[in-house]
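Working notes, structure below.
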């Protein structure tokens, strides 16, 4: 019995080893076949796909840390914007056909003017016949006043006539009347009514003579307000 069992083991072992070797060889061939015929060749790239729809807004973030106060700036300049009306022409003329005023000291004529602004200047002009005669050297001046006072902005407005040799008698033939002008600008006069006068007086350190204003001709005073 033991001999029979040993015979069976001796016969079956080579057969089992042979079957295992055949099974292993079959699996190896299957793996090689799969690797050879089932591998994919990469084809050409496809068309680019379209962009997707925009996503929805995300969750709001948390508030940041408050910033610190900045450094204090320098003090600015105060600028006041001024709105002024456009300049309007303002002038006046007073005229006399024949003054024939023979005074040597005093007011010759007056013209009242309405000044619209305090920051403007007045241009004044007198045009008329002036005459002076005397026995010896003499001098007379014709000048403007504004509300009774001579101009101080900057200086008086005047004209003079001087004779260094007179005639022996005042009624001599030396009696020349000439049309002359007294003209200038005066600043610093406030707005409102202004009495503009033309006066005749003496020159400093000279005796007066026989003066005449506006003889046998038209005399005029022109007043004009001008921007500074």
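Residue numbers (mature numbering (1 follows the signal peptide of the UniProt record, and there is no 0)): -18 to -1, 1 to 210.
Don't be surprised by glycine CBs; every beta carbon is placed ideally from N, CA and C.
Residue i, enclosing beta strand (DSSP E) - first and last residue
| i | result |
| --- | --- |
| residue 175 | 174 to 184 |
| residue 125 | 120 to 128 |
| residue 193 | 192 to 195 |
| residue 142 | 140 to 145 |
Cβ distance (whole Å) where residue i is taken to contact residue j below 8 Å
| i | j | result |
| --- | --- | --- |
| residue 200 | residue 124 | Going by Cβ atoms, the distance from residue 200 to residue 124 rounds to 16 Å, so no, they are not a contact pair. |
| residue 192 | residue 86 | 7 Å |
| residue 122 | residue 143 | 6 Å |
Buried versus exposed call for residue i [16 or more other C-beta atoms within 10 Å across all chains shown]
| i | result |
| --- | --- |
| residue 196 | buried |
| residue 168 | buried |
| residue -10 | Residue placement at residue -10 cannot be trusted, given a pLDDT of 48 that sits under 50; what the coordinates show is reported in the next sentence. Exposed, by the Cβ-count rule. |
| residue 91 | buried |
| residue 175 | exposed |
| residue 30 | exposed |
| residue 210 | exposed |
| residue -3 | Note on residue -3: pLDDT 47, under 50, position unreliable in the model; no value is reported. |
| residue 10 | exposed |
| residue 260 | Outside the displayed range of the chain (-18 to 210) lies residue 260, so it cannot be described from this structure. |
| residue 137 | exposed |
| residue -1 | The predicted position of residue -1 is uncertain, since its pLDDT is 47 and thus under 50; a value taken from the coordinates is nonetheless stated next. Classification for residue -1: exposed. |
| residue -6 | Confidence in residue -6 is poor, its pLDDT being 46 and thus under 50, which makes the residue's placement unreliable; the coordinate value appears in the next sentence. Classification of residue -6: exposed, given that the 10 Å Cβ count is below 16. |
| residue 179 | buried |
| residue 38 | exposed |
| residue 139 | buried |
Proximity of residue i and residue j at Cβ, strictly below 9 Å
| i | j | result |
| --- | --- | --- |
| residue 99 | residue 204 | no |
| residue 207 | residue 109 | no |
| residue 112 | residue 120 | no |
| residue 177 | residue 130 | yes |
| residue 117 | residue 95 | no |
| residue 107 | residue 165 | yes |
| residue 272 | residue 76 | With the chain represented from -18 up to 210, any question about residue 272 goes unanswered, as that position is not in the structure. |
| residue 183 | residue 88 | yes |
| residue 97 | residue 72 | yes |
| residue 181 | residue 128 | no |
| residue 162 | residue 83 | no |
Residues sharing a beta bridge with residue i, DSSP
| i | result |
| --- | --- |
| residue 97 | 174 |
| residue 76 | 203 |
| residue 209 | 102 |
| residue 111 | 161 |
| residue 92 | 179 |
| residue 83 | 195 |
| residue 60 | Partner(s): none; residue 60 has no beta bridge. |
| residue 166 | 106 |
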